[in-house]
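A short write-up of the structure that comes next.
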Amino acid sequence: MVVDVPIDHAIPPQRDCARYKMHKYWAGKPWYVVSEYIRHFTKEGEIVLDPFCGGGVVGCEALINRRKAVLNDLNPMAVFITKNTCLSPVDLDLFSMEFERIRGRLKNEIMEMYRLRDKCPLCGSDLYAKHVVRGPALNGRWIVEARCPKGHGRNARLRRLLTPEEIADIEKIETRRIPFWYPDDEFPDGREIMRLKNAGITRVHQLFTKRNLWALSAIFHEIQEIRDAVVKDMMLLAFTNTILHVSKLKSEDLRPMSANSYYCMGDWIEENVWVRFENRVMWRWGVHEGKKETNRLIGSFYNPVQDFAGLCEEGTFMLSNGAAQDLSGIPDESIDYCFTDPPYGGSIQYGELTLLWRSWLRMGNGFVKDEIIVNDFQNKKEQDFEKMLKEAFCEIYRVLKPGRWLSVTFNNRDQRIWMALLDACRAAGFEKVNIVPQKPLGNSFVQSWTGYSLKRDLILNFRKPLKTAIFRNEKFPSREKIDKGVSVNASTISSRRIEKLGDSDISRKFEVKDIIISAAREYMAKNRKATLPELFEAAIIKWIDITYGQVEIDAGQKGNTGCPDDKCSKSGCYEDRDSRTACDCRELSEEAAFDMAIVDRYLQQEPAFQRMEENKNIIYLLDME
Numbered sequence: 012m013v014v015d016v017p018i019d020h021a022i023p024p025q026r027d028c029a030r031y032k033m034h035k036y037w038a039g040k041p042w043y044v045v046s047e048y049i050r051h052f053t054k055e056g057e058i059v060l061d062p063f064c065g066g067g068v069v070g071c072e073a074l075i076n077r078r079k080a081v082l083n084d085l086n087p088m089a090v091f092i093t094k095n096t097c098l099s100p101v102d103l104d105l106f107s108m109e110f111e112r113i114r115g116r117l118k119n120e121i122m123e124m125y126r127l128r129d130k131c132p133l134c135g136s137d138l139y140a141k142h143v144v145r146g147p148a149l150n151g152r153w154i155v156e157a158r159c160p161k162g163h164g165r166n167a168r169l170r171r172l173l174t175p176e177e178i179a180d181i182e183k184i185e186t187r188r189i190p191f192w193y194p195d196d197e198f199p200d201g202r203e204i205m206r207l208k209n210a211g212i213t214r215v216h217q218l219f220t221k222r223n224l225w226a227l228s229a230i231f232h233e234i235q236e237i238r239d240a241v242v243k244d245m246m247l248l249a250f251t252n253t254i255l256h257v258s259k260l261k262s263e264d265l266r267p268m269s270a271n272s273y274y275c276m277g278d279w280i281e282e283n284v285w286v287r288f289e290n291r292v293m294w295r296w297g298v299h300e301g302k303k304e305t306n307r308l309i310g311s312f313y314n315p316v317q318d319f320a321g322l323c324e325e326g327t328f329m330l331s332n333g334a335a336q337d338l339s340g341i342p343d344e345s346i347d348y349c350f351t352d353p354p355y356g357g358s359i360q361y362g363e364l365t366l367l368w369r370s371w372l373r374m375g376n377g378f379v380k381d382e383i384i385v386n387d388f389q390n391k392k393e394q395d396f397e398k399m400l401k402e403a404f405c406e407i408y409r410v411l412k413p414g415r416w417l418s419v420t421f422n423n424r425d426q427r428i429w430m431a432l433l434d435a436c437r438a439a440g441f442e443k444v445n446i447v448p449q450k451p452l453g454n455s456f457v458q459s460w461t462g463y464s465l466k467r468d469l470i471l472n473f474r475k476p477l478k479t480a481i482f483r484n485e486k487f488p489s490r491e492k493i494d495k496g497v498s499v500n501a502s503t504i505s506s507r508r509i510e511k512l513g514d515s516d517i518s519r520k521f522e523v524k525d526i527i528i529s530a531a532r533e534y535m536a537k538n539r540k541a542t543l544p545e546l547f548e549a550a551i552i553k554w555i556d557i558t559y560g561q562v563e564i565d566a567g568q569k570g571n572t573g574c575p576d577d578k579c580s581k582s583g584c585y586e587d588r589d590s591r592t593a594c595d596c597r598e599l600s601e602e603a604a605f606d607m608a609i610v611d612r613y614l615q616q617e618p619a620f621q622r623m624e625e626n627k628n629i630i631y632l633l634d635m636e
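Numbering of the sequence shown is given in this note's numbering, commencing with residue 12 and proceeding in unit increments.
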């Protein structure tokens with residue numbers, strides 16, 4: 012099914028669903044957005060690709076909508092989560108039976124380690140700590156929160172300091188030997204891992220208290236006794252989704268998944284391991300409910316295969332663990348649609364952040380050499396990120412059928428990372444058609460706590476041309492030029508884009524300030540007021556519209572790749588045969604790379620924009636007079 016018009020509006024939010032609560036993963040996209048895009052760009056039986064599959068939302072929604080899924084990720088933990096999210100049907104009776112066996116073996120023994128000295132004031136039952144707030148910042152004044160195990164109401168909720176006797180009970184546990192295996196891997200050097208090392212944490216097991224480590228190792232030992240491979244993996248899915256929440260990475264003000272980092276605060280929460288694990292298995296967002304959903308929605312349509320030949324027959328699901336730069340297992344022009352969420356430069360260090368999960372599952376760390384990332388500890392700079400990203404998008408272009416679509420969801424405050432993405436897409440040969448702002452599935456720690464962060468993701472819809480497109484080795488400016496700044500010569504911009512800028516002087520060189528002010532005026536003419544992130548988003552979209560250049564020529568011109576201007580020796584030049592302009596020699600101006608702080612500065616210089624402060628969120632009003 013060849014579609015000529017992409018989606019041009021944000022998808023309204025829908026309720027959460029259990030299948031994507033079974034195991035969290037960073038930067039997960041709303042299922043209802045992915046589902047709507049898949050239905051719009053494909054028909055039943057067609058093939059959907061995601062080479063950066065992460066938590067598996069694209070694959071799962073493809074199967075639910077009766078499309079075939081081709082998925083890939085370099086990170087073995089992402090592959091594990093994706094496989095078990097999509098796998099269907101699962102024998103839930105056997106799953107429940109195995110959980111009851113584990114509960115009978117371990118619950119009382121584990122809960123005893125969290126028992127308090129007082130009783131429920133309503134029924135006299137023993138009280139057990141739900142969590143304890145600990146850490147060096149509290150100077151030994153640990154705070155416990157507990158609830159009655161029989162489910163009595165708010166009057167039975169307890170929050171107080173631990174008594175000296177209760178602290179002594181915990182200290183006795185600290186002297187006990189743990190009889191089961193647990194990972195004691197040494198943390199390698201890394202960008203996020205250095206936060207832990209600076210806090211004195213050098214090995215995996217040091218992220219847990221002794222009683223939490225004891226409880227985790229006991230549960231893991233029992234899971235290894237499960238004989239059914241599918242049920243075992245489902246229980247491991249619940250287990251790994253427990254690990255971060257019972258570590259020292261969680262505090263009352265910070266959830267470990269939201270910070271995108273190994274941020275260990277001075278006061279952290281020691282959660283009750285059994286309570287958390289039981290929730291991850293049987294709660295309404297647990298694995299049991301999640302697999303009940305996929306059993307109903309996917310059922311027997313799930314048919315995994317090892318290679319593309321099997322997918323062309325009866326198979327519906329192909330999952331590989333490898334680099335997106337090498338999709339050699341997928342034939343040329345065989346994919347009907349690609350929806351993907353590529354790495355965000357250095358914003359989320361997936362390899363480092365999954366280390367805690369992978370250490371328990373005994374997954375290696377060798378894959379990081381091929382990780383598309385900005386990370387000084389891996390000796391990967393922005394240039395390396397751009398090179399690898401370009402290789403990945405060239406592979407996507409190769410396997411996508413002509414005339415078919417690529418939807419890329421992206422979010423970054425750094426314009427240089429945006430440049431790397433756009434350069435990769437354009438170098439591959441994609442035509443950019445439109446950009447759709449879309450509210451993400453919840454805000455990260457950064458999005459919630461800083462005024463200089465985009466609040467919405469941008470979905471960029473690209474198309475692989477039906478006819479041959481030749482790009483004259485066109486690149487965005489080098490990193491050295493970006494540091495100085497770049498302007499765009501208007502003579503090489505189509506009249507349609509010039510009209511968007513509201514300036515008919517084609518000899519003018521547009522600078523970033525012009526783009527920012529123009530975008531802000533257009534946005535606020537419709538909305539009257541806006542937050543700084545909204546205006547930054549508008550400026551990014553306008554900048555992309557201006558910056559993303561492409562050219563289409565007849566197939567007969569394929570061999571001619573030189574610039575038609577003999578006097579031009581710059582590598583960043585191309586011939587636009589549609590507008591008959593000779594070339595685009597990008598020259599330097601004082602400033603081109605911008606972030607939200609620069610947007611704020613330029614707007615403050617314009618008297619038409621009135622800056623206000625409301626609840627730590629910067630608000631601009633447009634003076635209409």
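Ideal Cβ placement from N, Cα and C applies to all residues, glycine included.
Practice problem: Any chance you could list the beta strand (DSSP E) runs of at least 3 consecutive residues sitting entirely within the stretch 264–345, in chain order? | Solution: 279–282, 328–332
Quiz item: Can you give the Cα-Cα distance for LEU260 and LYS412, rounded to whole angstroms?
Solution: Sequence index remark: in the sequence shown, residue 260 carries index 249 (1-based). Sequence index remark: in the sequence shown, residue 412 carries index 401 (1-based). Their Cα atoms are separated by approximately 45 Å.
Quiz item: Apart from the five residues just before and just after GLY414, which ones in its own chain have a Cβ nearer than 8 Å to its Cβ?
Solution: Here residue 414 refers to the residue found at position 403 of the sequence shown. Counting only Cβ-Cβ distances below 8 Å, and skipping sequence neighbours, we find VAL13, ARG474, LYS475, PRO476, LEU477.
Self-check item: Under the three-state DSSP convention, the category ARG508 falls into
Solution: Taking the sequence shown and counting its residues from 1, the one referred to as residue 508 is at position 497. Since pLDDT at ARG508 reaches only 36, below the 50 mark, its modelled position is unreliable, and no value is offered.
Practice problem: Note down the Cα distance separating CYS97 from VAL257, rounded to an integer number of angstroms. | Solution: As a first step, residue 97 must be located in the sequence shown, where it is residue number 86. As a first step, residue 257 must be located in the sequence shown, where it is residue number 246. Rounded to the nearest angstrom, the two C-alpha atoms are 26 Å apart.
Quiz item: So TRP291 and THR253 are in contact, right, with Cβ under 8 Å, and what is the actual spacing, rounded?
Solution: As a working mapping, residue 291 is identified with position 280 in the sequence shown. As a working mapping, residue 253 is identified with position 242 in the sequence shown. It is worth fixing the name first, because residue 291 is Arg in this sequence and not Trp. Between THR253 and ARG291 the Cβ distance is about 5 Å, and since that is below 8 Å, they are a contact.
Practice problem: Select from GLU548, CYS71, GLN217 the residue whose C-alpha is nearest the C-alpha of LEU255. | Solution: Numbered from its first residue, the sequence shown carries residue 255 at position 244. Among GLU548, CYS71, GLN217, the Cα nearest to that of LEU255 is on GLN217.
Quiz prompt | The alpha helix (DSSP H) enclosing TRP37, as first and last residue numbers | solution = Within the sequence shown, numbered from 1, the residue matching residue 37 stands at position 26. No alpha helix (DSSP H) holds TRP37; DSSP gives it neither H nor E.
Self-check item: Residues of its chain near ILE154, where Cβ-Cβ distance is below 8 Å and the 5 sequence neighbours each way are ignored
Solution: The residue labelled residue 154 in the question sits at position 143 within the sequence shown. Here the set comprises VAL143, VAL144, ARG170, ARG171, LEU172, LEU173.
Exercise. May I ask you to report which of helix, strand or coil DSSP gives PRO13?
Key: For this step, residue 13 is matched to residue 2 along the sequence shown. As written in the sequence, residue 13 is Val, which differs from the Pro given in the question. The answer is coil: DSSP assigns VAL13 none of H, G, I, E or B.
Quiz item: Starting from THR542 and walking both ways along the beta strand (DSSP E), at which residues does that stretch end?
Solution: Counting from one through the sequence shown, the residue named residue 542 turns up at place 531. That run of the beta strand (DSSP E) goes 540–542.
Quiz item: Does DSSP classify THR251 as helix, strand or coil?
Solution: Along the sequence shown, read from residue 1 onward, the residue named residue 251 stands at position 240. If DSSP states are grouped into helix, strand and coil, THR251 belongs with the helices.
Quiz item: Can you tell me the Cα-Cα spacing of GLU263 and ASP278, whole angstroms?
Solution: In the sequence shown, residue 263 corresponds to position 252, counting from 1. In the sequence shown, residue 278 corresponds to position 267, counting from 1. Cα-Cα distance, rounded: 8 Å.
Quiz item: Is the CB-CB distance between MET399 and GLN336 below 7 Å?
Solution: Taking the sequence shown and counting its residues from 1, one reaches residue 399 at position 388. Taking the sequence shown and counting its residues from 1, one reaches residue 336 at position 325. Contact flag set, yes.
Quiz item: Would a C-beta distance cut-off of 7 Å place ILE92 and GLU233 closer than the cut-off?
Solution: Residue mapping note: residue 92 aligns to position 81 of the sequence shown, counting from 1. Residue mapping note: residue 233 aligns to position 222 of the sequence shown, counting from 1. Their beta carbons are not under 7 Å apart, which means ILE92 does not touch GLU233 by this criterion.
Exercise. Note down the Cα distance separating CYS28 from ASP244, rounded to an integer number of angstroms.
Key: By one-based count along the sequence shown, residue 28 stands at place 17. By one-based count along the sequence shown, residue 244 stands at place 233. Taking the straight line from one Cα to the other gives about 21 Å.
Quiz item: Taking contact to mean at least 3 C-beta pairs separated by less than 8 Å, is the stretch 58–72 in contact with the stretch 33–44?
Solution: yes
Self-check item: Backbone CA spacing between LYS9 and PHE620 [nearest angstrom]
Solution: Residue numbering for the chain in the displayed model covers 12 to 636; residue 9 lies beyond these limits and cannot be assessed.
Quiz item: With 16 other CB atoms within 10 Å as the buried threshold, where does GLY357 fall?
Solution: Position 346 of the sequence shown, counted from the first residue, corresponds to residue 357. Buried is the call here.
Quiz item: Do you know offhand how far ILE528's Cα is from ILE557's?
Solution: Position 517 of the sequence shown, counted from the start, is the residue given in the question as residue 528. Position 546 of the sequence shown, counted from the start, is the residue given in the question as residue 557. In a straight line, the C-alpha of ILE528 is about 14 Å away from that of ILE557.
Practice problem: Using alpha carbons as the reference points, say which of ASP343, ILE204, GLN317 lies closest to GLU363. | Solution: The count along the sequence shown starts at 1 and reaches residue 363 at position 352. Comparing Cα positions, the closest option is ILE204.
Quiz prompt | Opposing strand residues paired with PHE620 [DSSP bridges] | solution = On the sequence shown, residue 620 is found 609 positions in, with the first residue counted as 1. DSSP, once it has assigned bridges, lists LEU633 as partnering PHE620.
Quiz item: Quick one: what's got a C-beta closer than 7 Å to ASP452's C-beta in the same chain, skipping five residues either side?
Solution: On the sequence shown, position 441 is the one that residue 452 refers to. The identity of residue 452 in the sequence shown is Leu, whereas the question assumes Asp. Excluding sequence neighbours, LEU452 sits near GLY39, LYS40, PRO41.
Quiz item: Going by alpha carbons, who is nearest to TYR408 out of ALA530, VAL298, LYS443, ASP200?
Solution: As a working mapping, residue 408 is identified with position 397 in the sequence shown. It is LYS443.
Self-check item: For GLY297 and ALA249, believed in contact at Cβ under 8 Å, the rounded distance
Solution: As a first step, residue 249 must be located in the sequence shown, where it is residue number 238. As a first step, residue 297 must be located in the sequence shown, where it is residue number 286. Indeed they touch by this definition, with Cβ atoms about 7 Å apart.
Quiz item: According to the Cβ coordinates, are ILE184 and TRP285 closer than 7 Å?
Solution: For this step, residue 184 is matched to residue 173 along the sequence shown. For this step, residue 285 is matched to residue 274 along the sequence shown. Against a cut-off of 7 Å, the Cβ pair of TRP285 and ILE184 comes out as no contact.
Quiz item: Under the three-state reduction of DSSP, which class applies to GLN25: helix, strand or coil?
Solution: On the sequence shown, residue 25 is found 14 positions in, with the first residue counted as 1. In this structure, GLN25 counts as coil in the three-state DSSP scheme.
Self-check item: CB of PRO17 within 7 Å of CB of ASN472, strictly
Solution: Indexing the sequence shown from 1 puts residue 17 at position 6. Indexing the sequence shown from 1 puts residue 472 at position 461. A contact, by the Cβ cut-off of 7 Å.
Quiz item: If you count every other CB in all the chains shown that lies within 10 Å of the CB of ASN423, and 16 or more means buried, which is it?
Solution: Reading the sequence shown from its first residue, position 412 is the one you call residue 423. Buried.
Exercise. Using only alpha-carbon positions, find the residue among GLU406, MET108, PHE441 that is nearest to ARG238.
Key: By one-based count along the sequence shown, residue 238 stands at place 227. Among GLU406, MET108, PHE441, the Cα nearest to that of ARG238 is on MET108.
Exercise. Enumerate in chain order the residues of its own chain whose CB-to-CB distance from LEU138 is below 7 Å, with the five nearest sequence positions on each side excluded.
Key: One-based indexing of the sequence shown puts residue 138 at position 127. Around LEU138: LEU127, ASP129, LYS130, CYS131, ALA157, CYS159, LEU169.
Quiz prompt | Distance CB(ALA431)-CB(PHE396) smaller than 7 Å | solution = On the sequence shown, residue 431 is found 420 positions in, with the first residue counted as 1. On the sequence shown, residue 396 is found 385 positions in, with the first residue counted as 1. Yes, these two residues count as a Cβ contact at 7 Å.
Quiz item: How would you label GLN360, buried or exposed, when you count the other beta carbons within 10 angstroms and need 16 or more for buried?
Solution: If you number the sequence shown from 1, residue 360 lands on position 349. It is buried - the Cβ of GLN360 has at least 16 other Cβ atoms within 10 Å.
Practice problem: Can you give me the start and stop residues for the beta strand (DSSP E) that ASP180 sits inside? | Solution: Translated into the one-based positions of the sequence shown, residue 180 becomes position 169. Counting along the chain, ASP180 falls outside any beta strand (DSSP E), though it belongs to the alpha helix (DSSP H) covering 175–185.
Quiz item: Just how far apart, CA to CA, sit ASP377 and PRO199?
Solution: Here residue 377 corresponds to residue number 366 of the sequence shown, with the count starting at 1. Here residue 199 corresponds to residue number 188 of the sequence shown, with the count starting at 1. Residue identity differs from the one stated: residue 377 is Gly in this sequence, not Asp. If you take the alpha carbons of GLY377 and PRO199, they lie about 12 Å apart.
Practice problem: Would you be able to state if there are at least three C-beta pairs under 8 Å between the stretch 314–330 and the stretch 73–93? | Solution: yes
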